[in-house]
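Participant: Here it is, the structure in full.
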Amino acid sequence: MADYPSLINRAITMHLLREGQFTVASTFLHESTRDLPPRSETYASPHTDEDGDDDMDDDDEDPSTAEMHNLHSEDLQDRFSEMYSILSQLKDRNLVAAIEWARANSAQLDAKGSTLEFELSKLQFVWLFKGSSVNGLPDDDRNGQQGALAYARAHFARFQARHLREIQQLCAAMVYSPNLAASPYRHIFEIDSAFDDVAMSFTREFCSLLGLSAESPLYMAVTAGSIALPRLMKYTTYMREKKTEWTTDHELAFETPLPESMIYHPIFVCPVSKEQTTQDNPAMMLHCGHVICRESLQNITKAARYKCPYCPTEGQLKDAIKIKF
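Be aware that the sequence shown starts at 103, since it is given in the working numbering, and climbs by one per residue.
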């Protein structure tokens with residue numbers, strides 16, 4: 103971690119922004135980037151040279167440093183400020199702002215296969231259906247069953263292609279309104295946790311459109327570390343009793359079982375060396391499309407040329423590409 107201060111500072115800053123601590127994030131960002139070099143106008147992407155390493159001139163700006171400079175942008179803070187404003191309204195059972203945001207970003211959400219806009223509109227229908235005694239809204243023709251029906255007529259038509267069955271159930275439930283609790287549609291109108299669920303979905307989709315994960319990477323790292331810590335302490339105690347040393351520097355000497363929510367990409371095992379790739383020994387894609395680790399590539403290379411161990415193709419070492427999962 104000490105080798106990557108910019109990445110650590112970026113994770114802390116992003117976590118503060120996600121938590122709505124905008125003033126603290128701004129102060130931390132200013133102090134942590136005070137000694138960073140000025141941002142260069144161009145950045146040359148690293149490429150693989152003949153020895154299989156990534157070439158980058160010392161004068162080129164490091165990507166992590168560039169990202170720290172990008173965090174100074176007020177646009178990112180404005181985006182998170184907007185997210186927290188909408189979440190605050192969802193907490194107060196006001197769906198209007200969230201629906202307007204989803205409608206404004208419907209093209210991007212639809213491209214991702216998201217159902218957020220419909221889920222928000224569906225909950226708005228149910229919320230109106232329950233009437234002023236539950237939702238606290240004015241008791242007029244825009245509330246209650248009449249208001250819910252008017253809302254469905256105005257907004258549900260655009261969802262028919264994907265959600266026709268659910269729309270039919272919502273409308274059919276109106277027939278059972280005198281005794282909805284005994285109807286086959288009662289589960290649709292049980293919304294004790296619906297606002298919390300839709301708030302989580304909104305946060306996930308909002309961050310996704312920003313190119314961010316739904317959960318804070320810093321939070322996930324600390325949580326994963328907390329899960330691994332008891333095993334590490336037990337292992338360390340055992341090794342101390344055996345008077346042996348832990349020789350692995352950059353990886354744990356044992357597997358730590360993590361929940362599926364913390365598994366983000368598959369682990370690549372080199373088919374030649376049967377070893378997992380690491381940051382110092384990454385996966386490299388050959389010209390033919392086969393993938394092996396860098397050390398295996400260097401071992402099969404002679405005079406800057408190699409022959410693929412899995413097909414007759416030959417290639418030059420400089421043409422190999424580092425793979426990032």
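Idealized CB from N, CA, C, for every residue including glycine.
For clarity, every value in this text was computed on a predicted model and none was experimentally measured.
Can you tell me whether Asn63 is buried or exposed, with buried defined as 16 or more other CB within 10 angstroms of its CB?
Facilitator: There is simply no residue 63 to check, as the chain begins at 103 and stops at 427 in what is shown.
Participant: By DSSP, does Val374 sit in helix, in strand, or in coil?
Facilitator: Val374 falls in the coil class under three-state DSSP.
Participant: Given a cut-off of 8 angstroms on the beta-carbon distance, is the pair Ser187 and Ile201 in contact?
Facilitator: no
Participant: Can the beta-carbon of Cys395 be found less than 8 angstroms from the beta-carbon of Cys372?
Facilitator: Cys372 sits close to Cys395, with the two beta carbons spaced by under 8 angstroms.
Participant: I'd like the list of long-range same chain contacts for Gln271, defined as Cβ closer than 7 angstroms, with 5 residues on each side in sequence excluded.
Facilitator: Here Gln271 has Tyr287, Ile290 as same chain residues with Cβ atoms under 7 angstroms from its own Cβ, once five neighbours each way along the sequence are excluded.
Participant: Alpha carbon to alpha carbon, how far is Gln418 from Lys404? Give it in angstroms, no decimals.
Facilitator: Those two C-alpha atoms are separated by around 10 angstroms.
Participant: Below 8 angstroms between beta carbons: does that hold for Lys424 and Met386?
Facilitator: Yes, the pair counts as a contact, with Cβ atoms nearer than the cut-off.
Participant: Below 8 angstroms on the Cβ atoms is my guess for Phe124 versus Ser183; work out the distance and round it to an integer in Å.
Facilitator: 7 angstroms
Participant: How would you write the range of the beta strand (DSSP E) that Gln262 sits in, first residue to last?
Facilitator: Taken as a continuous stretch (DSSP letters only), Gln262 belongs to no beta strand (DSSP E), being part of the alpha helix (DSSP H) at 262 to 274.
Participant: Would you kindly work out how many angstroms separate the C-alpha atoms of Arg89 and Leu266, rounded to a whole number?
Facilitator: The displayed coordinates of the chain run from 103 to 427. Any statement about residue 89 would go beyond what the structure contains.
Participant: Indicate the three-state DSSP secondary structure (helix, strand or coil) for Gly417 in the structure shown.
Facilitator: Reduced to three states, the DSSP call for Gly417 is strand.
Participant: Taking the DSSP output, what are the residues bridged to Cys395?
Facilitator: Ala385
Participant: With distances taken Cα to Cα, identify the nearest neighbour of Asp194 among Ala275, Ala296, Ala284.
Facilitator: Ala296
Participant: Does the distance from the CB of Leu178 to the CB of Glu307 come in under 8 angstroms?
Facilitator: Result no, Cβ atoms of Leu178 and Glu307 do not sit closer than 8 angstroms.
Participant: Report yes if the CB atom of Gly246 is closer than 8 angstroms to the CB atom of Gly233, and no otherwise.
Facilitator: yes
Participant: If Leu77 sits next to Thr115, beta carbons under 8 angstroms apart, how far is it from one beta carbon to the other, in whole angstroms?
Facilitator: Missing from the structure shown is residue 77; the chain here goes from 103 to 427 and no further.
Participant: Can you check which of these residues, Ile402, Leu388, Leu312, is closest to Ser375 by C-alpha distance?
Facilitator: Ile402
Participant: Whole alpha helix (DSSP H) runs in the segment 200 to 252 with 4 or more residues, listed along the chain?
Facilitator: 208 to 213, 218 to 231, 234 to 237
Participant: Ordered along the chain, which non-local residues of its own chain (more than five positions away) have a Cβ less than 6 angstroms from that of Ser134?
Facilitator: Asn111
Participant: Quick one: give me the first and last residue of the beta strand (DSSP E) that Arg407 is part of.
Facilitator: 407 to 409
Participant: Would you give the residue range spanned by the alpha helix (DSSP H) that Val324 belongs to?
Facilitator: 319 to 343
Participant: In angstroms, rounded to a whole number, what distance separates the CA positions of Cys413 and Arg205?
Facilitator: One C-alpha to the other measures close to 51 angstroms.
Participant: Indicate whether Leu360 and Ala316 have their beta-carbon atoms separated by less than 8 angstroms.
Facilitator: no
Participant: Taking just the CA atoms, how far does Ser303 sit from Ala263?
Facilitator: 21 angstroms
Participant: Do Phe261 and Phe220 come within 8 angstroms of each other at the CB atom, strictly closer than that value?
Facilitator: yes
Participant: In the DSSP assignment, the alpha helix (DSSP H) including His132 goes from what residue to what residue?
Facilitator: 124 to 134
Participant: Kindly indicate which three-state DSSP category Lys426 falls into: helix, strand or coil?
Facilitator: coil
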